[in-house]
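Student:
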Amino acid sequence: DQQVKQNSPSLSVQEGRISILNCDYTNSMFDYFLWYKKYPAEGPTFLISISSIKDKNEDGRFTVFLNKSAKHLSLHIVPSQPGDSAVYFCAARQPGSYQLTFGKGTKLSVIP
Amino acid sequence: NAGVMQNPRHLVRRRGQEARLRCSPMKGHSHVYWYRQLPEEGLKFMVYLQKENIIDESGMPKERFSAEFPKEGPSILRIQQVVRGDSAAYFCASSPRWADTQYFGPGTRLTVL
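Residue numbers (our numbering), protein chains in the order written: chain A, 4 to 115; chain B, 219 to 331.
#1: Give, in chain order, every unbroken run of the beta strand (DSSP E) that is at least 3 residues long and sits entirely within the stretch 11-73 of chain A.
#2: Give me the Cα-Cα distance between Phe309 (chain B) and Ala73 (chain A), rounded to the nearest whole angstrom.
#3: Going by alpha carbons, who is nearest to Ala89 (chain A) out of A:Leu50, A:Pro43, A:Asp58 and A:Asn70?
#4: Please name the residue, chosen from A:Ala95, A:Asn30, A:Ile23 and A:Gln6, that lies closest to Ile53 (chain A) on a Cα-to-Cα basis.
#5: In the DSSP assignment, what residue or residues form a beta bridge with Glu286 (chain B)?
#6: Express the C-alpha separation of Gly234 (chain B) and Gln320 (chain B) in angstroms, rounding to a whole number.
#7: Bridge partners for Leu328 (chain B) per DSSP, in chain order?
#8: Grab the span of the beta strand (DSSP E) containing Met264 (chain B) for me, first residue to last.
#9: Within its chain, find whatever has a CB closer than 7 Å to the CB of Ser305 (chain B); leave out the 5 residues flanking it on each side and keep chain order.
#10: Measuring CB to CB, does Phe322 (chain B) end up less than 8 Å from Val222 (chain B)?
#11: In this structure, does DSSP put Asp87 (chain A) in helix, strand or coil?
#12: Checking 8 Å against the spacing of the C-beta atoms, do Ser77 (chain A) and Val113 (chain A) come in under that value?
#13: Return the CA-CA distance between Arg238 (chain B) and Glu259 (chain B), expressed in angstroms with no decimal places.
#14: Tell me Lys110 (chain A)'s beta-bridge partners as DSSP assigns them.
#15: Closer than 9 Å by beta-carbon distance: list the chain B residues that pair up with Gly106 (chain A), in chain order.
#16: Can you tell me whether DSSP reads Arg315 (chain B) as helix, strand or coil?
#17: Taking DSSP as the reference, what is the three-state secondary structure of Gln5 (chain A)?
#18: Would you verify that the beta carbon of Phe92 (chain A) is, or is not, closer than 8 Å to some beta carbon of chain B?
#19: When the Cα atoms are used, what is the spatial distance from Ser313 (chain B) to Met244 (chain B)?
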């Protein structure tokens with residue numbers, strides 16, 4: 004049973020435009036969400052996170068939005084750059100837990 | 219400040235051999251987590267260790283897999299009598315405290331022939 008779902012395996016965006024990566028979850032106990040970026044042959048790199056007490060968190064070009072009622076979060080990258088091309092993983096955690104539950108990832112390609 | 223180190227980066231084993239994967243956490247981090255990524259899948263939690271203690275191994279297969287984090291030296295994930303289904307990328311992460319953000323190493327790609 005997949006508790007964190009990233010339904011788009013891939014996404015292509017023109018350089019300078021907005022990239023929107025989506026993530027849905029089924030476990031209502033999750034209260035903390037993270038986005039990781041992964042280049043080929045490297046480990047995931049932490050990007051940004053959000054607690055369930057917030058609905059938005061911003062860090063530079065990256066913004067994460069959380070809609071608890073819909074059990075949905077999204078990562079916005081504005082403006083998109085070719086160096087953003089990578090696989091993006093959504094991850095979630097329950098209160099008082101260390102275990103991260105990951106989605107399968109979305110491969111973002113930013114076209115120059 | 220070096221990040222999480224893993225070695226080897228690539229490991230090839232024949233069926234029935236043993237695989238040993240090493241992880242050195244970031245400086246100041248005493249919490250280590252191992253995850254496995256099968257092809258076309260997300261990362262799956264395997265085990266959580268602190269120095270000299272296994273805290274949670276609920277994600278580890280019951281047989282052939284073991285993990286340790288000794289007082290001195292790196293954390294080791296050991297797979298005995300490997301099978302083709304063990305072929306995957308194994309990632310180690312570390313954090314300074316138990317519920318903090320986890321920082322990942324580059325992974326070890328295990329191929330079982």
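Note that CB positions come from ideal geometry on N, CA and C, so glycine has one too.
Tutor: Working from what's here:
#1: 13-17, 22-28, 35-41, 48-54, 59-62 and 65-70
#2: Along the second sequence, read from residue 1 onward, the residue named residue 309 (chain B) stands at position 91. Along the first sequence, read from residue 1 onward, the residue named residue 73 (chain A) stands at position 70. Taking the straight line from one Cα to the other gives about 31 Å.
#3: Within the first sequence, numbered from 1, the residue matching residue 89 (chain A) stands at position 86. Among A:Leu50, A:Pro43, A:Asp58 and A:Asn70, the Cα nearest to that of Ala89 (chain A) belongs to A:Pro43.
#4: Counting from one through the first sequence, the residue named residue 53 (chain A) turns up at place 50. Nearest of A:Ala95, A:Asn30, A:Ile23 and A:Gln6 to Ile53 (chain A), Cα basis: A:Ala95.
#5: One-based indexing of the second sequence puts residue 286 (chain B) at position 68. According to DSSP, which records beta bridges pairwise, Glu286 (chain B) is partnered with B:Ile294.
#6: Looking up residue 320 (chain B) in the second sequence gives position 102. Looking up residue 234 (chain B) in the second sequence gives position 16. Their backbone Cα atoms lie some 32 Å apart in a straight line.
#7: Reading the second sequence from its first residue, position 110 is the one you call residue 328 (chain B). According to DSSP, Leu328 (chain B) bridges with B:Leu229 and B:Ala306.
#8: Position 46 of the second sequence, counted from the first residue, corresponds to residue 264 (chain B). That run of the beta strand (DSSP E) goes Leu261 to Gln268.
#9: By 1-based counting over the second sequence, the position of residue 305 (chain B) is 87. Closer than 7 Å at the Cβ level, and outside the excluded window around Ser305 (chain B), lie Leu328, Thr329 and Val330.
#10: In the second sequence, counting from the first residue as 1, residue 322 (chain B) sits at position 104. In the second sequence, counting from the first residue as 1, residue 222 (chain B) sits at position 4. Contact: yes.
#11: For the purposes of this step, residue 87 (chain A) is identified with residue 84 of the first sequence, where counting begins at 1. Note: Asp87 (chain A) maps to helix in three-state DSSP.
#12: In the first sequence, residue 77 (chain A) corresponds to position 74, counting from 1. In the first sequence, residue 113 (chain A) corresponds to position 110, counting from 1. No, the pair does not count as a contact, with Cβ atoms beyond the cut-off.
#13: The residue you call residue 238 (chain B) lines up with position 20 of the second sequence. The residue you call residue 259 (chain B) lines up with position 41 of the second sequence. C-alpha separation (whole angstroms): 23 Å.
#14: Your numbering for residue 110 (chain A) matches position 107 in the first sequence. For Lys110 (chain A), which the question treats as bridged, DSSP gives the partners A:Ser13 and A:Val90.
#15: Here residue 106 (chain A) corresponds to residue number 103 of the first sequence, with the count starting at 1. Chain B residues near Gly106 (chain A): Gly260.
#16: Within the second sequence, the letter at position 97 stands for residue 315 (chain B). Correct three-state label for Arg315 (chain B): coil.
#17: By one-based count along the first sequence, residue 5 (chain A) stands at place 2. Three-state DSSP puts Gln5 (chain A) in coil, outside helix and strand.
#18: Indexing the first sequence from 1 puts residue 92 (chain A) at position 89. Yes, contact with chain B.
#19: Here residue 313 (chain B) refers to the residue found at position 95 when the second sequence is read from its first residue. Here residue 244 (chain B) refers to the residue found at position 26 when the second sequence is read from its first residue. Ser313 (chain B) and Met244 (chain B): Cα-Cα distance of roughly 8 Å.
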